[in-house]
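Data block below; observations after.
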Amino acid sequence: MFKKAQRELDTCRAEKAALQAELDAIKAHIANITFTPDGIITDVNDKLLNIIGYTADEVIGQHHRAVCFDETSQAPSYQQFWQSLAQGKAQKGVFRRRHQSGAEIWMEATYVPIKDANGKVVSIRKLAADVTQQYQDARRQEAILAAINRSLAVIEFEPDGTIIRANDNFLAAVGYQDHEIKGQHHRMFCDQDFYDENPDFWANLARGQFTSGQYLRRDKYGNEVWLEATYNPVFDAKGNVHRVIKFATAITDTVKQNQAVNQAAELAQASSEQTLRHSENGSALLQEAVKLSQSVNDQAVEATNQVAQLSEHAQSIENIVTTIKQIAEQTNLLALNAAIEAARAGDQGRGFAVVADEVRGLSQRTSHSTTEIADVVDENQQLIKGVSEAMERVTEQSTIGQEKVTAADTVMSDIHAGAEEVSATVRRLTQ
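UniProt numbering puts the first residue of the sequence shown at 1, with every later residue one more than the last.
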């Protein structure tokens, strides 16, 4: 009997040693802290002290609330938390706690009630791990995803294009409810032309090939929907694509505006090219007009010069007529004197008198004719003067006209240059 008792004692000692070894291993490698059932700290290891930033002397004997924020310790759920532990109900989760510096820390922990032989809870042991960085990273990722969901249209697919889910922005863009698209294929949004032109679209995504661009899709009612989108393969731990996430922005209004701008630009280009052709034709016509105006001006100057010469010739004729008239008057006077002398001579001078009479008649007719010629010459002089003045005005107006035509040609050249620049600019915009 003694030996049996000894064996049982040895077994108990071995079990105790094993349990103590396990406990020592836990204390050495896992952050842990021990509380009374009502939350007073009785023991704490260095790993947990490193997490909360306190020394053992600063926390032993203090209540658990010393490492909690007021909004946690003053909440009704906090009292319920310790009541549940005191009743032997373990608690686990990710808990927000306060570092000695006042900073926020997060611990993934399990609070384990320790019972005595009678089943009474005698202490609470907490095993914990610092997950502050992971929690903050997760919160940042959640914030990013929330921001993406607020601002972008998001839809998830199986690698073969079967729809898993879509957010409200995507559903609003295509006009469907979630249950109407879940389990359907991506092609429900596409024209057949898209798959004719991209037969390996989903096969490439399933191989992990990212793709992006502007895509024409159809909403529930068949209306055009333009999306600026990226299709992003998501890999599992083995490196296989297990889903595809599409991030998109609806750009229908922008695309239609761009199409309208392009149409306007094409019209502007056609108009500018037509203006360019018209300006080229106008410039050519003006060049001809300049040459014609120059020719008219030259001819007007030549005519003015000829009129001036004609005026000089008329003046010469007038001088000659005056001379002839003077000769006729002298001849008439001589004939008169001859007639007087013939009368004095009697019958001997009768023949001479006849000749003198004829000469006098001729001189009178000559005088009369020269008077008529003088009148005609005078009238011609007046006409030539009028013509000369008119030609001077014509020449002056022709010169002014030539200057204006030349100025118009310069303006047309500027218009032509401007039309060329506009045409070139519009051409660049439409390329």
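From the three backbone atoms N, C-alpha and C, an ideal C-beta is built for every residue, glycine too.
- In this structure, residue 153 sits near residue 169, with a CB-CB distance shorter than 8 Å.
- 94 is the residue among 94, 98, 159, 101 whose C-alpha sits nearest the C-alpha of residue 131.
- In the structure shown, residue 251 falls within a coil segment according to DSSP collapsed to helix, strand and coil.
- Residue 216 places its beta carbon less than 8 Å from that of residue 226.
- According to the DSSP assignment, residue 91 belongs to the beta strand (DSSP E) that extends over 91-98.
- Judged by their CB atoms, residue 210 and residue 186 are not nearer to each other than the 8 Å cut-off.
- Rounded to whole angstroms, the gap between the alpha carbons of residue 204 and residue 242 is 13 Å.
- Residue environment: residue 98 is assigned as buried (16 or more neighbouring CB atoms within 10 Å of its CB, all protein chains considered).
- When 110, 277, 253, 148 are compared, the shortest CA-CA separation from residue 214 is found for 253.
- Our two residues, residue 413 and residue 389, have alpha carbons roughly 36 Å apart in a direct line.
- Between residue 48 and residue 128, the gap from beta carbon to beta carbon is short of 8 Å.
- Here residue 219 carries a coil assignment [DSSP, helix/strand/coil].
- Note that the stretch 36-46 touches the stretch 57-72; at least 3 beta-carbon pairs, one per stretch, sit closer than 8 Å.
- Excluding residues up to 5 positions away in sequence, 220 lie with their Cβ nearer than 8 Å to the Cβ of residue 180 in the same chain.
- Rounded to the nearest whole angstrom, the CA to CA distance from residue 104 to residue 85 is 24 Å.
- Excluding its 5 nearest sequence neighbours in each direction, residue 251 has C-beta neighbours in its own chain below 6 Å: 226, 228, listed in chain order.
- Looking at the DSSP output, residue 212 sits in a beta bridge with 230.
- Rounded to the nearest whole angstrom, the C-alpha separation of residue 133 and residue 247 is 27 Å.
- For residue 112, the three-state secondary structure derived from DSSP is strand.
- With fewer than 16 other CB atoms across the displayed protein chains lying within 10 angstroms of its CB, residue 262 is exposed.
- Around the beta carbon of residue 113, a 10 Å sphere encloses 16 or more other beta carbons of the protein chains shown; the residue is thus reported as buried.
- In its chain, beyond the 5 residues on either side, 127 have a beta carbon closer than 6 Å to the beta carbon of residue 30.
- Residue pairing of residue 107 in beta bridges, as defined by DSSP: 95, 130.
- As the crow flies, the alpha-carbon of residue 67 is around 8 Å from that of residue 52.
- Bounds of the alpha helix (DSSP H) holding residue 196 are 192-197.
- Under a 10 Å Cβ-count criterion, residue 199 is classified as exposed, with fewer than 16 other Cβ atoms of the shown protein chains found around its own Cβ.
- Annotation for residue 35: no alpha helix (DSSP H) segment contains it, though the beta strand (DSSP E) segment containing it runs 31-35.
- Residue 110 has its alpha-carbon roughly 10 Å from the corresponding atom of residue 32.
- If you check the CB distance, residue 121 and residue 175 do not come in under 8 Å.
- For residue 170, the enclosing alpha helix (DSSP H) begins and ends at 168-174.
- Cβ neighbours of residue 173 within its own chain (closer than 8 Å, five residues either side excluded): 153, 219, 225, 227, 248, 250.
- In this structure, DSSP gives residue 207 a state outside helix and strand, which the three-state scheme calls coil.
- The residue among 184, 108, 340, 298 with its C-alpha nearest the C-alpha of residue 135 is 108.
- Counting only the Cα atoms, residue 323 lies some 14 Å from residue 372.
- Here the alpha carbons of residue 406 and residue 306 stand approximately 27 Å from one another.
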